[in-house]
Ligand SMILES: [Zn+2]
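Numbering (the numbering used here), first residue to last: 13 to 238.
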């Protein structure tokens with residue numbers, strides 16, 4: 013594999029990506045074109061598709077990880093309640109963080125193909141988007157949008173899919189997370205545990221020894237390569 017592709021997989025190379033200032037996102041241009049199309053389709057149903065998160069660099073994911081490991085940023089349990097990270101063993105810390113956050117280098121948000129979406133109709137402009145399941149379910153502010161998205165993603169030929177649709181014991185379900193299949197499937201296919209290990213060994217990563225000791229298990233359970 014060429015070095016540049018490896019760097020793209022790991023969130024270290026953004027040369028292929030573009031910004032859309034209106035949607036406030038950074039994506040591969042092909043992903044962006046498909047998102048704008050999806051946004052237009054949503055608008056036909058009176059829904060305003062917005063992006064909560066798009067490309068995230070290795071550096072950024074590293075900062076999130078390290079802040080959680082150091083207790084500078086909240087770590088939540090499966091039900092969304094804050095955990096006291098200082099009471100946990102190193103191993104438990106790693107797995108608690110992984111429930112909601114990717115390891116740096118292992119986020120699909122590194123690829124320019126993945127994004128978190130919500131639908132903003134009838135939402136107070138001051139509303140802070142949380143990206144929780146409750147927001148997407150009946151009675152939640154984005155329930156209408158997600159009902160539409162469910163139908164849209166079942167259409168033939170739709171280029172998007174939800175890699176984290178179900179809780180498989182690793183990553184919590186994230187119905188708001190969309191992947192642009194024509195590019196993301198390629199990245200998913202070539203991503204390996206060895207590529208990740210090589211990068212993490214060099215990085216100033218908190219809990220590094222524990223992460224590397226369990227990396228095979230982490231890769232299997234938490235790294236979504238579908
Ligand atoms: Zn996401």
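Built from N, CA and C at the ideal position, the CB exists for glycine as well.
Taking 7 Å as the line, does the beta carbon of residue i fall inside it for any heavy atom of ligand 1?
i           : result
residue 40  : no
residue 104 : no
residue 113 : no
residue 147 : no
residue 128 : yes
residue 189 : yes
residue 121 : yes
residue 65  : yes
residue 186 : yes
Give the range of the beta strand (DSSP E) segment to which residue i is assigned.
i           : result
residue 64  : 61-65
residue 130 : 126-131
In this structure, what does DSSP give as the bridge partners for residue i?
i           : result
residue 37  : 32
residue 191 : 126 and 173
residue 88  : 94
Tell me, please, whether the CB atom of residue i is closer than 8 Å to any CB atom in chain D?
i           : result
residue 114 : Absence of chain D from the displayed structure is noted, only one protein chain being present.
Considering residue i, what are the terminal residues of the alpha helix (DSSP H) in which it resides?
i           : result
residue 109 : 102-112
residue 207 : 205-214
residue 78  : 70-81
residue 231 : 227-234
residue 147 : 145-148
residue 164 : 155-166
residue 19  : 15-21
Residue i: buried (16+ other C-beta within 10 angstroms of its C-beta) or exposed?
i           : result
residue 199 : buried
residue 43  : buried
residue 103 : exposed
residue 201 : exposed
residue 183 : buried
residue 147 : buried
residue 168 : exposed
residue 252 : No information on residue 252 is available, as it lies outside the stretch 13 to 238 that the chain covers here.
residue 163 : exposed
residue 90  : exposed
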